[in-house]
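Presented below is the structure to which this report refers.
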Amino acid sequence: MTTRIIGTGHFVPEHIVTNDDLAQFLDTSDEWIKERTGIRRRHIDTGMGTTAMAAEASKRAIENAGISPKEIDLIIAATSTADEIFPNTAAMVQREIGNDRAACYDLNAACTGFIYGLNTAHAFISSHMAKTVLVVGSETMSRTVDWEDRSTCILFGDGAGAAVVAADDAGIEAVIMGSDGRKGEIIACDGRPAQSRWMSQAPRNPYMVMNGQEVFKFAVKKVPETIAQLLSQAGVGAEEVRHYILHQANERIIASVAKRLHVPMERFPINLDEYGNTSAASVPILLDELNRNGALKRGDRVVLAGFGAGLTWGATLMTW
Ligand code: COA
Numbered sequence: 001m002t003t004r005i006i007g008t009g010h011f012v013p014e015h016i017v018t019n020d021d022l023a024q025f026l027d028t029s030d031e032w033i034k035e036r037t038g039i040r041r042r043h044i045d046t047g048m049g050t051t052a053m054a055a056e057a058s059k060r061a062i063e064n065a066g067i068s069p070k071e072i073d074l075i076i077a078a079t080s081t082a083d084e085i086f087p088n089t090a091a092m093v094q095r096e097i098g099n100d101r102a103a104c105y106d107l108n109a110a111c112t113g114f115i116y117g118l119n120t121a122h123a124f125i126s127s128h129m130a131k132t133v134l135v136v137g138s139e140t141m142s143r144t145v146d147w148e149d150r151s152t153c154i155l156f157g158d159g160a161g162a163a164v165v166a167a168d169d170a171g172i173e174a175v176i177m178g179s180d181g182r183k184g185e186i187i188a189c190d191g192r193p194a195q196s197r198w199m200s201q202a203p204r205n206p207y208m209v210m211n212g213q214e215v216f217k218f219a220v221k222k223v224p225e226t227i228a229q230l231l232s233q234a235g236v237g238a239e240e241v242r243h244y245i246l247h248q249a250n251e252r253i254i255a256s257v258a259k260r261l262h263v264p265m266e267r268f269p270i271n272l273d274e275y276g277n278t279s280a281a282s283v284p285i286l287l288d289e290l291n292r293n294g295a296l297k298r299g300d301r302v303v304l305a306g307f308g309a310g311l312t313w314g315a316t317l318m319t320w
């Protein structure tokens, strides 16, 4: 018995911001952004928020799975951009989908969040602590970036993606997760003011700071290493995997991973041209697009892989 994805869904805001739109107020160009990242446009939230996007993606995943929301006994929301500190995003999604008994919590592993969530759901199902789990990745990255910092803001977009998973005979075959907190400052967001009646610290930078080149170097080394380790755990060859669904951060990172694994680029689907980097939402958005357009066939071997702030990384091998 293992864990199978039985339904997927996604939601992205309607409002589109193109590279040319950014060039209106930033010293950048469509050509630079396309060439260095592959991104052409991104969908940006104009007020809906992380929870509402997560709820919409979740409803679509539940409908796609053909189950009642009441069957869900665990909801994991992967996000680093929750609307509130508490209640947690997962509990607010629970309210929206019409479920009043599931355990609910948020998980913050930045852009690796959905993979961490899915692997955690697998652990719960394997240990019989849950039967049906909703994992949703939702992010309003547009609120964490400084729109005057061209080295970060051009990369990100908003959206949500979700998957319903349940116990089944076939599905997840191997999982892997890791972190290296020593490199936490390479991509970080202080966010909240550190003030209280008894504490007063200098105001923090509310926006993300990132050393892009260090993140790039980390990703092109760590992601292929992680996937190789994952495949070797399961005794599966890289060529036996039909789809490599990677975190959508930069097309050059994905091309480098494909090269290091000696796998043709056509097995690495890409949608970052349309959405940019939606952090924990990127893998489930792409997964849902492939599921709905019929690209995923029963029996296909699929690898999901992510990396991000922490630094964190993770991957999942499954039979669809
Ligand atoms: N438009 C135009 N020029 C820009 C620019 C922009 N949006 N952003 C940076 N530049 C400039 C820099 O100022 C620099 O100018 P200089 O040579 O005069 O100093 C030049 O372009 C090269 O900058 P560099 O940082 O070396 O570019 P790069 O090829 O490393 O690309 C990133 C920058 C951010 C696209 C790339 O490092 C990257 O994608 N890193 C990974 C980031 C990531 O994925 N983060 C999320 C992980 S989950």
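Under the numbering used here, think of the first position of the sequence shown as 1, with each following residue one higher. No residue lacks a Cβ here, since even glycine has one placed at the ideal position from N, Cα and C. Note that the coordinates shown come from a computational prediction; the quantities given were computed from them, not determined experimentally.
Candidates the options, of which the one nearest residue i by Cα
{"i": "Phe11", "options": "Glu139, Gly117, Ile67, Phe307", "result": "Glu139"}
{"i": "Gly191", "options": "Ala202, Lys183, Gly181", "result": "Ala202"}
{"i": "Asn131", "options": "Gly299, Ala167, Pro269, Ala160", "result": "Inspection of the sequence shows that residue 131 is occupied by Lys rather than by Asn. Nearest C-alpha to Lys131: Ala167."}
{"i": "Arg182", "options": "Asp288, Val283, Phe218", "result": "Phe218"}
{"i": "Pro264", "options": "Glu274, His243, His15, His247", "result": "His243"}
{"i": "Leu317", "options": "Met208, Ile187, Asn119", "result": "Asn119"}
{"i": "Gln24", "options": "Leu304, Gly237, Glu148, Phe156", "result": "Glu148"}
{"i": "Ile75", "options": "Ile85, Ile62, Glu84", "result": "Ile62"}
{"i": "Ser282", "options": "Asp20, Ala54, Leu22", "result": "Ala54"}
{"i": "Glu56", "options": "Asn293, Phe124, Met92", "result": "Met92"}
{"i": "Gly94", "options": "Ala160, Ala52, Arg292", "result": "The residue asked about is misnamed: residue 94 is Gln in this sequence, not Gly. Of the listed residues, the one whose Cα sits closest to Gln94 is Ala52."}
{"i": "Arg322", "options": "Asp146, Ile85, Glu274", "result": "Only positions 1 to 320 of the chain appear in the structure, and residue 322 is not among them; the question remains open."}
{"i": "Asp83", "options": "Ser179, Met48, Gly299", "result": "Met48"}
Beta-carbon proximity of residue i to residue j, cut-off 7 Å
{"i": "Ala162", "j": "Ser279", "result": "no"}
{"i": "Thr8", "j": "Asn99", "result": "no"}
{"i": "Thr3", "j": "Ile172", "result": "yes"}
{"i": "Val165", "j": "Ala102", "result": "no"}
{"i": "Thr112", "j": "Gly314", "result": "yes"}
{"i": "Ala309", "j": "Ala110", "result": "yes"}
{"i": "Tyr105", "j": "Asn88", "result": "yes"}
{"i": "Met210", "j": "Thr152", "result": "yes"}
{"i": "Thr28", "j": "Arg150", "result": "yes"}
{"i": "Pro13", "j": "Asp158", "result": "yes"}
{"i": "Asn226", "j": "Ile176", "result": "The question names Asn, but residue 226 in the sequence shown is Thr. It is a contact, given that the beta carbons lie within the stated cut-off."}
{"i": "Arg301", "j": "Glu239", "result": "no"}
{"i": "Leu134", "j": "Ile72", "result": "yes"}
{"i": "Leu296", "j": "Leu290", "result": "yes"}
{"i": "Asp30", "j": "Asp21", "result": "no"}
Short CB-CB distance (under 7 Å) between residue i and chain B
{"i": "Asn293", "result": "Among the chains of the structure shown, chain B does not appear; only one protein chain is present."}
Proximal residues to residue i (C-beta, below 8 Å), its chain only, five neighbours per side dropped
{"i": "Val220", "result": "Ile253, Ser256, Val257, Arg260"}
{"i": "Ile187", "result": "Ala110, Met208, Val209, Met210, Asn211, Val215, Gly308, Ala309, Leu311"}
{"i": "Gly184", "result": "Ala309, Gly310, Leu311"}
{"i": "Ile44", "result": "Pro13, His15, Ile16, Val17, Ser142, Gly157, Asp158"}
{"i": "Ser126", "result": "Met1, Thr2, Thr3"}
{"i": "Gly178", "result": "Thr226, Thr312, Trp313, Gly314"}
Residue i CB to nearest heavy atom of ligand 1 below 6 Å
{"i": "Gly283", "result": "Checking the sequence shown, residue 283 turns out to be Val, not Gly. Flag unset: Cβ of Val283 not near ligand 1."}
{"i": "Val321", "result": "This structure does not reach residue 321, given that the chain is present from 1 up to 320, and the question cannot be answered."}
{"i": "Ile39", "result": "no"}
{"i": "Phe216", "result": "yes"}
{"i": "Ser151", "result": "yes"}
{"i": "Gln213", "result": "yes"}
{"i": "Gly314", "result": "no"}
{"i": "Thr28", "result": "yes"}
{"i": "Trp147", "result": "no"}
{"i": "Asn271", "result": "no"}
{"i": "Ile186", "result": "no"}
{"i": "Ile154", "result": "yes"}
{"i": "Arg36", "result": "yes"}
{"i": "Cys111", "result": "yes"}
Neighbourhood of residue i by C-beta, 6 Å cutoff - its chain only, sequence neighbours within 5 removed
{"i": "Asn250", "result": "Thr37"}
{"i": "Ala78", "result": "Leu107, Gly113, Phe114, Gly117, Gly137, Ala280"}
{"i": "Leu272", "result": "Gly38, Ile39, Gln248"}
{"i": "Ala170", "result": "Thr319"}
{"i": "Thr46", "result": "His15"}
{"i": "Met1", "result": "Ala167"}
{"i": "Arg60", "result": "Gly9"}
{"i": "Val236", "result": "none"}
{"i": "Ile6", "result": "Ala65, Val164, Ala166"}
{"i": "Leu26", "result": "Arg150"}
Cut-off 7 Å between Cβ atoms - residues of its own chain near residue i, not counting five sequence neighbours on either side
{"i": "Thr81", "result": "Thr50, Glu139, Thr140, Met141, Arg143, Thr144"}
{"i": "Lys222", "result": "Phe307, Trp313"}
{"i": "Phe268", "result": "Tyr244, Leu246, Ile254, Ala258"}
{"i": "Ala174", "result": "Leu230, Gln233, Ala234, Leu317"}
{"i": "Ala90", "result": "Ile75, Ile76, Ala77, Cys104, Tyr105, Asp106"}
{"i": "Phe124", "result": "Leu74, Ala130, Val133"}
{"i": "Arg292", "result": "none"}
{"i": "Gly294", "result": "none"}
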